[in-house]
Amino acid sequence: MAAPLRASKRRIFRADLVLRTGGRIRWEVQRGTQGVEPEALWGLRLAAKHAQPEHRGQAKFGLKGVARAVESKQAWVVFVCTEGSPAVLIQHVPALCALHKVPVAMVATDPSNLADAAQALWPGPKPRRHAVAIALLRSCQGQLRELCQHLEGTLPPVRLPFLQAAELSASAAKSAPTQGQDPSGQAIPEDFIKLTPLGSKGKDKGKGKGKGKGKGKDKGWGKMSAKGGKRNQLKVKEVKEVKEVQEVKEVKEVLEEVMREVKELQTNELPKEGTKRKLEAAPAEEPFQDSQRSEPERKVPKVTISDFFDEVAPDGI
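Going by full-length UniProt numbering, the letters in the sequence shown line up with residues 1 to 317, in that order.
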């Protein structure tokens, strides 16, 4: 069997601590006057009394069943009793219903009275004696359906501070005329836009001694983190300065090469004016002709038949 839930031993969301802070989840408790049951509980009792036998199982009993029905989007209306049950157990139900946009009725009654009001909807053979929370499902019919439709428009919503802040910021962003201007039409200065957000100085928590985030045991962890941030900034500045010096050197080398090329071009210019005049006074060479390149004709001696025989055959043959 599971151990009982104890707020003193386990760090659970405690109601007494929430009262001191400004971020409390707020809900309105429905109470009856002069010993009469609250209106929502009385409507549940009448609707369950007139429900037919086939309507059994159209409600979920208990905190676990209600939470599962809300998360699976099957719950239509949720009833929670505020008396006879610790606030530590029931405080998550209104927040869960508000996140899933399910109306919740916080009724000032005890678990036994709440279970008795919805006894006709219990699917088991044995009666349910206690119920801290009950959820009516969307598949309910008859008077239960009419009750859910009525409570959906009349129950007060649960106030969640973080949801209200998000809605206000979204509405402010929509109502803003243009980015970078205030409603009066004057431009917002750049210094105001570039302000650092609050809490940005504590990003290096617990990094002074090389331990995990937030695990530094030394009291001077804040100073160490500040020194580490300054050292990182100095390193970044040094790297930037080295890069700038290298870029300047490269630019100087390129300029020197360009100057050398310019000087070489100046020394290798065309000849001066005197040489130009000599070139102009010199006769123009005639164009080269192919006839001049032709070789002189060779004179071939005339050879007769008698000469041939004299060379081949000696005299006297």
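Every residue, glycine too, gets a C-beta built ideally from N, C-alpha and C.
Next on the checklist: Tell me the DSSP secondary structure of R45 in three-state form.
Outcome noted: To locate residue 45, count along the sequence shown from 1; it is residue 45. Taken through DSSP and simplified to helix, strand or coil, R45 comes out as helix.
Item to check | Minimum C-alpha distance to L144 - residue among A75, K252 and Q91 | outcome: If you number the sequence shown from 1, residue 144 lands on position 144. Nearest C-alpha to L144: A75.
Next on the checklist: Just to confirm, is the Cβ distance from A108 to P38 under 8 Å?
Outcome noted: The residue given as residue 108 occupies position 108 in the sequence shown. The residue given as residue 38 occupies position 38 in the sequence shown. Remark: C-beta atoms of A108 and P38 approach each other more closely than 8 Å.
Item to check | Cβ-based burial, V254 [other Cβ within 10 Å; buried from 16] | outcome: The residue labelled residue 254 in the question sits at position 254 within the sequence shown. Result: exposed.
Item to check | Spatially closest choice to C81 from Q246, A95 and L114, by CA coordinates | outcome: Counted from its first residue, the sequence shown places residue 81 at position 81. That would be L114, whose Cα lies nearest to the Cα of C81.
Checklist entry - If you compare alpha carbons, which of V158, T267, K252 and L136 is closest to L41? => result Mapped onto the sequence shown, residue 41 falls at position 41. Of the candidates V158, T267, K252 and L136, the one whose C-alpha sits nearest the C-alpha of L41 is L136.
Checklist entry - For C81, which three-state DSSP category applies? => result Within the sequence shown, numbered from 1, the residue matching residue 81 stands at position 81. DSSP places C81 in strand when its eight states are reduced to three.
Item to check | Where V251 falls, given that 16 or more other Cβ within 10 Å makes a residue buried | outcome: Position 251 of the sequence shown, counted from the first residue, corresponds to residue 251. Exposed.
Next on the checklist: Which complete alpha helix (DSSP H) runs does the segment 122–167 hold, if anything under 4 residues is left out?
Outcome noted: 143–154
Item to check | Distance between beta carbons of A118 and A59, contact taken as under 8 Å | outcome: Here residue 59 is taken as the residue at index 59 of the sequence shown, counted from 1. Here residue 118 is taken as the residue at index 118 of the sequence shown, counted from 1. The Cβ separation is near 6 Å, so the contact holds.
Checklist entry - By DSSP, does K235 sit in helix, in strand, or in coil? => result Residue numbering aside, residue 235 sits at position 235 when the sequence shown is read from its first letter. If DSSP states are grouped into helix, strand and coil, K235 belongs with the helices.
Next on the checklist: Measuring straight from C-alpha to C-alpha, what distance separates T178 and L160?
Outcome noted: Looking up residue 178 in the sequence shown gives position 178. Looking up residue 160 in the sequence shown gives position 160. Residue confidence for T178 is low, a pLDDT of 49 falling below 50, so the modelled location carries little weight; the figure read from the coordinates is stated next. So the alpha carbons of these two residues sit roughly 30 Å apart.
Next on the checklist: Relative to the C-alpha of residue 327, which candidate in F79, K49 and E54 has its C-alpha closest?
Outcome noted: This structure leaves residue 327 out entirely; the chain is present only between 1 and 317.
Next on the checklist: Give me the residue from G84, A95, G57 and A87 with the minimum Cα distance to V70.
Outcome noted: Working through the sequence shown from its first residue, we reach residue 70 at position 70. When only C-alpha atoms are compared, the closest one is A95.
Item to check | Whole-angstrom C-beta distance between M106 and E28, which should lie under 8 Å | outcome: Position 28 of the sequence shown holds residue 28. Position 106 of the sequence shown holds residue 106. Right, their Cβ atoms sit about 7 Å apart.
Item to check | Integer Cβ distance of P86 from E152, believed to fall under 8 Å | outcome: Within the sequence shown, numbered from 1, the residue matching residue 86 stands at position 86. Within the sequence shown, numbered from 1, the residue matching residue 152 stands at position 152. For P86 against E152, the beta-carbon gap comes to about 28 Å, at or over 8 Å, which does not count as contact.
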